[in-house]
Amino acid sequence: MKSHRHEIILEIIEEKAVATQEMLIELLAERGINTTQATLSRDIQQLSLVKQRDENGIYRYTFPAVAAAEKSIFEEAVTSVDYAMNIIVLKCHAGMAQGTCAAIDSVNHDGIVGTIAGDDTIFILARSENDAKKLAKKFKSEIFSGK
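Under the numbering used here, the letters of the sequence shown match residues 5 to 151, in that order.
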């Protein structure tokens, strides 16, 4: 339940400018997740979310710096994402797989058992086929969001 709630929290703050915990509680409730302020506060801490000013000067919750760095690396390095069963394959520009793999490892994604990188390919072993499907979808969205 907690990992699902964390995933939804990250989706919400990516989609909307969330300035307060109260607003985040309301947005979670709209998605069928009822939580307390104390639980949400722990979630924010565990996700290492920070408040930063957006382009309009409004403070909002945002991804931790490592996750932002991962997203930037993805946009630059990864050319394709695919999965088969519980293995995800990321194809990268030549020489960029190891740095990208290190960024993935630094974020500690739920559902990843381990990673291995070559020169232009990364293999990610997920716990289940469902985890692989979710992660592949997330990685694809990171690649194509900036292009």
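For every residue, glycine included, the Cβ atom is placed at its ideal position computed from N, Cα and C.
Everything numeric in this text was worked out from a predicted model, so none of it was measured.
Give a yes or no on whether the C-beta atoms belonging to residue i and residue j are separated by under 8 Å.
| i | j | result |
| --- | --- | --- |
| F143 | F78 | yes |
| T66 | I108 | no |
| Y87 | A121 | no |
| A1 | R64 | What the structure shows of the chain is the stretch from 5 to 151, and residue 1 is not part of that stretch, so it cannot be assessed. |
| E30 | M89 | no |
Could you check if residue i is buried or exposed, using at least 16 other CB atoms within 10 Å of its CB as the buried criterion?
| i | result |
| --- | --- |
| T125 | exposed |
| D47 | buried |
| A42 | exposed |
Expressed to the nearest angstrom, what Euclidean distance is found between the alpha-carbon atoms of residue i and residue j?
| i | j | result |
| --- | --- | --- |
| G61 | A23 | 11 Å |
| H8 | M100 | 31 Å |
| Q25 | N38 | 13 Å |
| S45 | E11 | 15 Å |
| E146 | M5 | 24 Å |
| A136 | A130 | 5 Å |
| R35 | L28 | 11 Å |
| L14 | E80 | 22 Å |
| V111 | T40 | 26 Å |
Roughly how far, in whole angstroms, is the beta-carbon of residue i from the beta-carbon of residue j, given that I think they are within contact range, below 8 Å?
| i | j | result |
| --- | --- | --- |
| V85 | I92 | 7 Å |
| C105 | V82 | Not quite, the Cβ-Cβ distance comes to about 11 Å (not below 8 Å), so this is no contact. |
| A98 | D123 | 6 Å |
Return no unless some Cβ of chain D is closer than 8 Å to the Cβ of residue i.
| i | result |
| --- | --- |
| S132 | Of the protein chains in the structure, only one exists, and it is not chain D. |
Practice prompt. Count the CB pairs spanning the region 107-120 and the region 42-53 that are closer than 8 Å, and state whether there are at least three.
Written response: no
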